[in-house]
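Residue numbers (full-length UniProt numbering): 21 to 259. Encoded as structure tokens, the structure appears first; notes follow it.
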Ligand code: CTP
Ligand code: MG
């Protein structure tokens, strides 16, 4: 079956600070979402990328995609749809734009612009091999504590420390059997029952999700320091 990628890029990027919507911010002169779209289009498996644009930025995103022409060479199609209030809504709007013949769907954050094509391919491969939901992830380096949250910088009581060796930090692209992901989004809308990623919604349906190795360069650009790291990675790739 054909594979498509949904690229949610409609967030404001509040944690990155004031400026353009995060996906439109430049990394070494090229908007983040163009880097991310290229990373997906670089996979031979991906025939279509649905870019979910900031609600008022769809026209701008279209012209950016044209201007960067995504390096010709490959035959990836692009669609642009306006996004929603939450990431989950934006993903759903992207899914609604998929043509009938798509059997496998990747969902990839525009905020992870540097994901290597090998990671994209590994996720697609695992879905093709029969897993209904696949996430790339890495072991944690920090120890994680569960706390009783307190507001305003008050010390927070620790409730426990999960065994780090069993924890994984999850990245994107996450890959899905299309019908599975659609069912998850349709049955858990509008709140997603608290799921913070797409695979989490599939888990809530009681369906299996598997992890494949992620990649350090698939990190999410969230805070200003992440921009420094992303530009350093790009500079190293050029060298
Ligand atoms: N996203 C989206 N629609 C939203 C919110 C987020 O498409 N309403 C996308 C973002 O553009 C991003 C991805 O979901 O590519 C992951 O979200 P995140 O890293 O949280 O980005 P933002 O929501 O933009 O950042 P912040 O939470 O700091 O505002
Ligand atoms: Mg966000």
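Cβ coordinates follow ideal geometry from the N, Cα and C atoms, glycine included. Remember, it's a predicted structure, so these values are computed and weren't measured experimentally.
Buried/exposed call for residue i, threshold 16 Cβ in 10 Å
i           : result
residue 201 : buried
residue 267 : Residue 267 is absent from the model: the chain starts at 21 and stops at 259.
residue 161 : exposed
residue 258 : exposed
residue 23  : buried
residue 115 : buried
residue 237 : buried
residue 218 : buried
residue 167 : exposed
residue 165 : exposed
residue 139 : buried
residue 177 : exposed
Inter-residue Cα distance where the pair is residue i and residue j
i           : j           : result
residue 180 : residue 132 : 30 Å
residue 208 : residue 157 : 24 Å
residue 73  : residue 245 : 24 Å
residue 84  : residue 50  : 10 Å
residue 45  : residue 36  : 10 Å
residue 185 : residue 175 : 26 Å
residue 251 : residue 241 : 11 Å
residue 141 : residue 76  : 32 Å
Residue i: CB within 8 Å of a non-hydrogen atom of the ligand SAM
i           : result
residue 130 : The ligand SAM is not part of this structure, which contains only the ligand CTP and the ligand MG.
Beta-bridge partners of residue i, as assigned by DSSP
i           : result
residue 50  : 47
residue 69  : 25, 98
residue 156 : 232
residue 124 : 23, 197
residue 180 : 166
residue 188 : 159
Cβ-based neighbour list, residue i, same chain, cut-off 6 Å, excluding 5 preceding and 5 following
i           : result
residue 110 : 28, 30, 72, 103, 104
residue 53  : 29, 43, 130
residue 108 : 212
residue 88  : 54
Neighbourhood of residue i by C-beta distance below 8 Å, restricted to the same chain and skipping five residues each side
i          : result
residue 97 : 67, 68, 69
CB contact below 9 Å: residue i versus chain B
i          : result
residue 29 : The structure shown has no chain B; it contains just one protein chain.
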